[in-house]
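Visitor:
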Amino acid sequence: MENNEQNQKNGFLPGMLVGILMGMVLLSGVFLGVRLYQYNQTKHRADQGEAEATSVINSDTLAKMQTIENLIDETYYGGEVTTKQLQDGVYKGMVESLNDPYSEYYTREELQDVMNSNQGVSYGIGAYISLDQTRQLPVISGLVEEGPALNAGLKEGDIIYKVEDEYTQGMSLTQVVSLVKGREGTIVHLTIYREGEPDYLEFDVERGNLIETTTVNYGMVDDTDHIGYLRIREFDTVTVDQYTEAMAELKAKGMKGLVLDLRSNPGGDLNVVVEIARKLLPAGLIVYTEDKDGNRKEYTCDGENEFNLPLVVMTNEYSASASEILAGAIQDYNKGTLVGTTTYGKGIVQSIRHLNDGTALKLTTSAYFTPSGRNIHGVGITPDIEVEMDYERYNEDGTDSQFEKALEILEGKME
Numbered sequence: 495m496e497n498n499e500q501n502q503k504n505g506f507l508p509g510m511l512v513g514i515l516m517g518m519v520l521l522s523g524v525f526l527g528v529r530l531y532q533y534n535q536t537k538h539r540a541d542q543g544e545a546e547a548t549s550v551i552n553s554d555t556l557a558k559m560q561t562i563e564n565l566i567d568e569t570y571y572g573g574e575v576t577t578k579q580l581q582d583g584v585y586k587g588m589v590e591s592l593n594d595p596y597s598e599y600y601t602r603e604e605l606q607d608v609m610n611s612n613q614g615v616s617y618g619i620g621a622y623i624s625l626d627q628t629r630q631l632p633v634i635s636g637l638v639e640e641g642p643a644l645n646a647g648l649k650e651g652d653i654i655y656k657v658e659d660e661y662t663q664g665m666s667l668t669q670v671v672s673l674v675k676g677r678e679g680t681i682v683h684l685t686i687y688r689e690g691e692p693d694y695l696e697f698d699v700e701r702g703n704l705i706e707t708t709t710v711n712y713g714m715v716d717d718t719d720h721i722g723y724l725r726i727r728e729f730d731t732v733t734v735d736q737y738t739e740a741m742a743e744l745k746a747k748g749m750k751g752l753v754l755d756l757r758s759n760p761g762g763d764l765n766v767v768v769e770i771a772r773k774l775l776p777a778g779l780i781v782y783t784e785d786k787d788g789n790r791k792e793y794t795c796d797g798e799n800e801f802n803l804p805l806v807v808m809t810n811e812y813s814a815s816a817s818e819i820l821a822g823a824i825q826d827y828n829k830g831t832l833v834g835t836t837t838y839g840k841g842i843v844q845s846i847r848h849l850n851d852g853t854a855l856k857l858t859t860s861a862y863f864t865p866s867g868r869n870i871h872g873v874g875i876t877p878d879i880e881v882e883m884d885y886e887r888y889n890e891d892g893t894d895s896q897f898e899k900a901l902e903i904l905e906g907k908m909e
């Protein structure tokens, strides 16, 4: 009995110690688990707070937006405002905060207009609109043949001062175009500043329907020794075929030299201007782009379709973007003489990102450089021979001072 009791005691004490130790381990595990949970929760909140601090989408912003929406709903006197209007305003405001006139948020309707324009389809009054950098006002840079604007008496170089009663200074081109366009058969009233006129001009223009735009105009110049003239108004999807057809006809008529008119060409599709350049330039680099990380993309030419006749290229202050890519490459390769005034100076590229709801974002995504490495953004391309356009004389009798100089130079090249 005694031995058994002692054995039981001897067995009980170690067991009790093990139990205590196991309990301590289990408790410390519980405490450790609690500590880890608390640490993870604290870290999660810290990470969340840091993310919120660096993101527009955070609790403070959402609360403030809700307050603004409530105040508009409760007190705004200017008419009914829809939820969609407010949502579009938020998206547009985010992009406008970049202070980049070339980056925009497109609603579904605006995106459709942009896509139509890129396909060479014009809607509204039949006019190309660019931006006058000096005045920060929209300018008519081209007119569709037999279009409403031309028939109403509008001219290239006209500054659009007001659309209806809205001043256009500071507006984006998308905003101006959205004011000008409208239902077919309706009237839009434009207040125009025209150089040489003592006062503003007023025009009522009847809006037209969707029409396919002729982006290339061409012909043989009268009273010359087989000089061809070709004007590219924009670089849209239809431009490549129109250019190819025009060049074929000019060559068939015995063209011995060409005046290429890029004046008031606002640009367009990068891939389209590259295709045009491949029909003009020698083998080599056409243009290259670099994104924010320094990634470089090159666009090249094999030289198989190089243009080998005397060439003069006309530019002006409204020649922008894609037209500057072509003019810059021609100048770098010394393929032609540039005549006119310094170009617009848009040396950056935008990309359209389509969003899931049918809207889109146009963002500046890279800069482009001419074959010699020039970035002309904010500077433009200086022509080889500078000639100012005499708009007063042009409006009086149609005399084009820049074109006359281009012919003179080309005729000298052909002798």
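Residue numbers (this note's numbering): 495 to 909.
We treat Cβ as the ideally placed atom computed from N, Cα and C, and that holds for glycine.
Note that the coordinates shown come from a computational prediction; the quantities given were computed from them, not determined experimentally.
Within the same chain, show all residues whose beta-carbon is closer than 6 Å to that of Pro692, passing over the 5 residues directly before and after it, in chain order.
Guide: Excluding positions up to five away in sequence, the list is empty.
Visitor: Quick check: the stretch 640-653 against the stretch 602-612, are at least 3 beta-carbon pairs closer than 8 Å?
Guide: As far as the Cβ criterion goes, the stretch 602-612 does not touch the stretch 640-653, which means the pair count is below three.
Visitor: Taking a contact to mean a Cβ-Cβ separation below 8 Å, would you say Ile726 touches Asn759 in this structure?
Guide: yes
Visitor: Compute the beta-carbon to beta-carbon distance between Arg757 and Tyr812, rounded to the nearest angstrom, for a pair I have assumed lies under 8 Å.
Guide: Indeed, because the Cβ distance is near 7 Å, the residues count as touching under 8 Å.
Visitor: Name the two residues that bound the continuous alpha helix (DSSP H) containing Lys856.
Guide: Looking at the DSSP string, Lys856 is not in any alpha helix (DSSP H); the run it does join, the beta strand (DSSP E), is Ala854 to Phe863.
Visitor: Return helix, strand or coil for Gln579, following the three-state DSSP convention.
Guide: helix
Visitor: Quick one: which unbroken beta strand (DSSP E) runs of 3-plus residues sit fully inside the stretch 774-802? Chain order, please.
Guide: 778-785 and 790-795
Visitor: Counting Cβ pairs closer than 8 Å, one from the stretch 667-676 and one from the stretch 727-745, do we hit at least three?
Guide: no
Visitor: Quick check on Gly892: buried or exposed, where buried means 16 or more other Cβ atoms within 10 Å of its Cβ?
Guide: exposed
Visitor: Alpha carbon to alpha carbon, how far is Ser624 from Leu631?
Guide: 9 Å
Visitor: Judging by CA-CA distance, which residue of Asn711, Val633, Val807 and Tyr655 is the nearest neighbour of Thr685?
Guide: Tyr655
Visitor: What residue does the beta strand (DSSP E) around Thr831 start on, and which one ends it?
Guide: Thr831 to Gly834
Visitor: With burial defined as no fewer than 16 other Cβ atoms inside 10 Å of the residue's Cβ, what is the status of Val550: buried or exposed?
Guide: exposed
Visitor: Taking only runs of the beta strand (DSSP E) that begin and end inside the stretch 713-762, which ones reach a length of at least 3 residues, in chain order?
Guide: 721-726 and 751-755
Visitor: How many angstroms separate the CA atom of Arg677 from the CA atom of His683?
Guide: 14 Å
Visitor: Determine the extent of the beta strand (DSSP E) in which Ile686 is found, giving its start and end residues.
Guide: Ile681 to Tyr687
Visitor: Three Cβ pairs or more, each shorter than 8 Å: is that satisfied between the stretch 797-808 and the stretch 897-908?
Guide: yes
Visitor: So is Gly778 in contact with chain B if we call contact Cβ pairs under 8 Å?
Guide: The structure shown contains no chain B; it is built from a single protein chain.
Visitor: Short check: CB of Ile721 to CB of Leu832, under 8 Å?
Guide: no
Visitor: Using the rule of at least 16 other Cβ atoms within 10 Å of the residue's Cβ for burial, across every protein chain shown, is Ile566 buried or exposed?
Guide: Exposed, since its Cβ has fewer than 16 Cβ neighbours within 10 Å.
Visitor: Just to confirm the assignment, what range does the alpha helix (DSSP H) spanning Ser817 have?
Guide: Ala816 to Asp826
Visitor: Excluding the five sequence neighbours on either side, which residues of its own chain have a C-beta within less than 8 Å of the C-beta of Ile842, listed in chain order?
Guide: Tyr596, Thr858, Ser860, Ala861, Tyr862 and His871
Visitor: What separation, rounded to the nearest whole angstrom, lies between the Cα atoms of Val768 and Glu792?
Guide: 11 Å
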